[in-house]
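*Asks:* When we follow this note's numbering, the leftmost residue of the sequence shown carries the number 123, and every step to the right adds one.
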Amino acid sequence: MKRLLEESELEKLSADIAEQLGLHFPPSKWKTLEQAFATLAREQGFQDIHDCVAQFTSGPPGKEMIESLAGYLTIAETYFLREAQYFNILEQQIIPEIVRKRQGGERRLRIWSAGCATGEEPYSIAILLHRMRTTLSNWEISILATDINPNSLAKAREGVYTNWSFRNVPDGFQQAYFRNTGDGQFELRPEIREMVKFAGCNLVEDCYPSLINDTNAIDVIFCRNVLMYLTPQIAARIVARFQRCLLDGGWLFVSPCETANPFFIGLEPINFPNAIIYRKGSGMKSDHQGNKAISIPTPPLKPLPAYRPIQLAAPSPALPRTGAASPPPSRPHPGDHCETPPLQEAFTLYEQGAYEEAAEKVALQLVLNSRDSRALALLCRIYANQGRLTEALQMSDQALAGDKLSAGLHYLRAVILLEQGKDEESAAALKKALYLDQDLVLAHFTLANLEQRKGQLKESQRYFDTALSLLDRYQPDDLIPESDGMSAGRLKEIIGTTTSRLQQGDQG
Ligand SMILES: C[S@@+](CC[C@H](N)C(=O)[O-])C[C@H]1O[C@@H](n2cnc3c(N)ncnc32)[C@H](O)[C@@H]1O
């Protein structure tokens, strides 16, 4: 068949697609690329396909173009309880283990479905947690679901499905959790829908882990049937970032066809029947230690109980919500008067997600100087990333005792308080931070989210506006202070999306 594009155009295009979306388009799939660009050219009013391709390849393409392309180039195929063994393992092995290990500690459970498509995966998780509501009563549950494709996300937020999405569910599942709308569609019960927070996220971008989008201190990441479409280099980079998002002992679920890959270096493969699940080592010394081929019988799904109202703690409120961890004070620069090998090493280990080892180095630094506020703040951050919020707060108080005028430390304290659900105390700490540094963009941003959560939309907009005008002082690629690697351009996008959804009356 005649080609629409020259080979050289297609070569450049597939390299740029890999860079911007991570997707792997070898020559055997170039026909799909051509078709996608032909449709995009028509949709966006380009004179012809070559103009459209030139626009994409000549400079960084806009977010809108990337998202439209994602709609044409990605596969949003998914269904409820897809690869059911994973849900069995989550319900019968992994969550009970987390509950057991955290007895007497912080009762928090954070799950992220990355590449969630139209929502069947995160809603399957939400339903599973609903089934476990007795075990999880008084737990703070957060289910984050992200995708690059805004159309899929819009459908996910609606929570309305046809029978095709139920092709693998056991008896009772659909009746218990969905309302038959009478026109061949089934609407998810609002109590379950509200347990999941959806957000846009291109996994290629370096925007996670981050306090801004709730992608840190995660217990379980589901990223199934996503990596298989990406170039090996991008997939490896994403898995390395996932490791930093996970708590020690946290789990990465991928699909069976993705496991035979070298991307997972640094994670421990754990064999369950019909599934390999990757775990971030250390910290949570598990019963399975030293026995990777665990023989755990995976029983068939138990019959679902009749629907009852949810008893779980309230799901995450308005989007975007800050995550557990909070930004450390800036990393010491070479030549800083207090630069010391243990602290430098601690920062390096922290950035690699090796929290236990980083804490050991900080401890060494604290032997040298027990009041080093940057060491204390880093320890605070490490504890927050490990979900140890009480200790994190203690550390932030200790750091502040030695450096009361640090806006960054007040901000750090505010984010931990927020994570503990102490919104009023958090707002007070944010205002202190702003009193000390009125240009602290993230303090305005976080206050905007807090006001939004309270329904104070005008006040929220005012804080968002201030954050936006402060962001105008940065180049798009500049990193925002206290943000743990978030760029100014990315934060602007997040504010733009949030405020436009607010203006459309959607606070979820
Ligand atoms: C086949 S679906 C998988 C859905 C679900 N995880 C499952 O296993 O049923 C793949 C999803 O990955 C998303 N995706 C592809 N590239 C992505 C990227 N760079 N960032 C975020 N999501 C991406 C697609 O939009 C699509 O919704």
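Quick reminder that beta carbons are idealized off the backbone N, C-alpha and C, glycines included.
Since the model is a prediction, treat every value here as computed from it, not as a measurement.
Which runs of the alpha helix (DSSP H) fall wholly inside the stretch 241–325 and span at least 4 residues, in chain order?
*Replies:* The qualifying runs are 242–253, 272–280, 295–299, 312–315.
*Asks:* CB arginine 190 to CB arginine 232, shorter than 8 angstroms?
*Replies:* The sequence shown places serine at residue 190, rather than the arginine named in the question. Not in contact: serine 190 and arginine 232 (Cβ atoms no closer than 8 angstroms).
*Asks:* Would you kindly work out how many angstroms separate the C-alpha atoms of glutamate 467 and alanine 485, rounded to a whole number?
*Replies:* So the two alpha carbons sit approximately 12 angstroms from each other.
*Asks:* In whole angstroms, what is the alpha-carbon distance linking cysteine 323 and glutamine 597?
*Replies:* Rounded to the nearest angstrom, the two C-alpha atoms are 21 angstroms apart.
*Asks:* Can you round the beta-carbon distance between leucine 266 and alanine 321 to whole angstroms, since I take them to be within the 8 angstroms contact cut?
*Replies:* So it is a contact: roughly 7 angstroms between Cβ atoms.
*Asks:* Look up proline 391 in the DSSP assignment and say whether it is helix, strand or coil.
*Replies:* In the structure shown, proline 391 sits in a strand (DSSP, three-state: E or B).
*Asks:* Is isoleucine 398 helix, strand or coil by DSSP?
*Replies:* Three-state result, isoleucine 398: strand.
*Asks:* My output table needs one value for phenylalanine 202: the three-state DSSP class, helix, strand or coil.
*Replies:* Looking at phenylalanine 202 - three-state DSSP - the assignment turns out to be coil, as it is neither helix nor strand.
*Asks:* Any heavy atom of ligand 1 closer than 7 angstroms to the beta-carbon of glutamate 243?
*Replies:* Yes, the Cβ of glutamate 243 comes within 7 angstroms of a heavy atom of ligand 1.
*Asks:* Taking glycine 372 as part of the beta strand (DSSP E), name the residues at either end of that continuous run.
*Replies:* From DSSP, the beta strand (DSSP E) with glycine 372 extends over 368–375.
*Asks:* Give me the Cα-Cα distance between glutamate 478 and arginine 510, rounded to the nearest whole angstrom.
*Replies:* Each residue's Cα considered, the two are about 12 angstroms apart.
*Asks:* Curious, which full-length alpha helix (DSSP H) runs of at least 4 residues does the stretch 142–230 contain?
*Replies:* Segments of the alpha helix (DSSP H) lying fully in the stretch 142–230: 152–165, 171–180, 185–195, 206–211, 217–223.
*Asks:* What separation, rounded to the nearest whole angstrom, lies between the Cα atoms of asparagine 335 and glycine 371?
*Replies:* If I take the Cα positions, the gap works out to 21 angstroms.
*Asks:* Assuming threonine 240 contacts tyrosine 351 under a Cβ cut-off of 8 angstroms, what Cβ separation, rounded to an integer in Å, is found between them?
*Replies:* Not confirmed; about 16 angstroms, so no contact.
*Asks:* With burial defined as no fewer than 16 other Cβ atoms inside 10 Å of the residue's Cβ, what is the status of cysteine 502: buried or exposed?
*Replies:* Classification of cysteine 502: buried, given that the 10 Å Cβ count is 16 or more.
*Asks:* Out of Ala357, Gln365, Cys367, Phe364, which has the shortest C-alpha to C-alpha gap to alanine 382?
*Replies:* Closest by alpha carbon: Ala357.
*Asks:* For the structure I just gave you, are there three or more beta carbon pairs, one from the stretch 327–347 and one from the stretch 599–609, closer than 8 angstroms?
*Replies:* Result yes; three or more Cβ-Cβ pairs closer than 8 angstroms.
*Asks:* By how many angstroms is the C-alpha of aspartate 341 removed from the C-alpha of glutamine 225?
*Replies:* Roughly 15 angstroms separates the two Cα atoms.
*Asks:* Find the nearest neighbour of asparagine 347 within the set Arg289, Glu205, Ala298, judged by alpha-carbon distance.
*Replies:* Selected option, being the one with the closest Cα: Glu205.
*Asks:* Who does phenylalanine 344 pair with in a DSSP beta bridge?
*Replies:* BP columns for phenylalanine 344 point to Ser235, Phe375.
*Asks:* With distances taken from CA atoms, which of Ser518, Thr621, Gly193 is nearest lysine 580?
*Replies:* Minimum Cα distance to lysine 580 is reached at Thr621.
*Asks:* Using only the heavy atoms of ligand 1, determine whether one of them is closer than 7 angstroms to the beta carbon of valine 361.
*Replies:* No, the beta carbon of valine 361 sits no closer than 7 angstroms to any heavy atom of ligand 1.
*Asks:* Is glutamate 141 buried or exposed, if buried means 16 or more other CB atoms sit within 10 Å of its CB?
*Replies:* It counts as exposed.
*Asks:* What are the boundary residues of the alpha helix (DSSP H) that includes threonine 619?
*Replies:* Here the alpha helix (DSSP H) through threonine 619 covers 610–625.
*Asks:* Is the CB-CB distance between alanine 176 and leucine 143 below 8 angstroms?
*Replies:* Not in contact: alanine 176 and leucine 143 (Cβ atoms no closer than 8 angstroms).
*Asks:* Thinking just about the alpha-carbon of each residue, which of Arg623, Ile617, Gly611 is nearest to the one in glycine 184?
*Replies:* Of the candidates Arg623, Ile617, Gly611, the one whose C-alpha sits nearest the C-alpha of glycine 184 is Gly611.
*Asks:* For the putative contact between alanine 514 and histidine 532, defined by C-beta atoms under 8 angstroms, what is the C-beta separation to the nearest angstrom?
*Replies:* With a Cβ gap of about 14 angstroms, alanine 514 and histidine 532 do not count as contacting.
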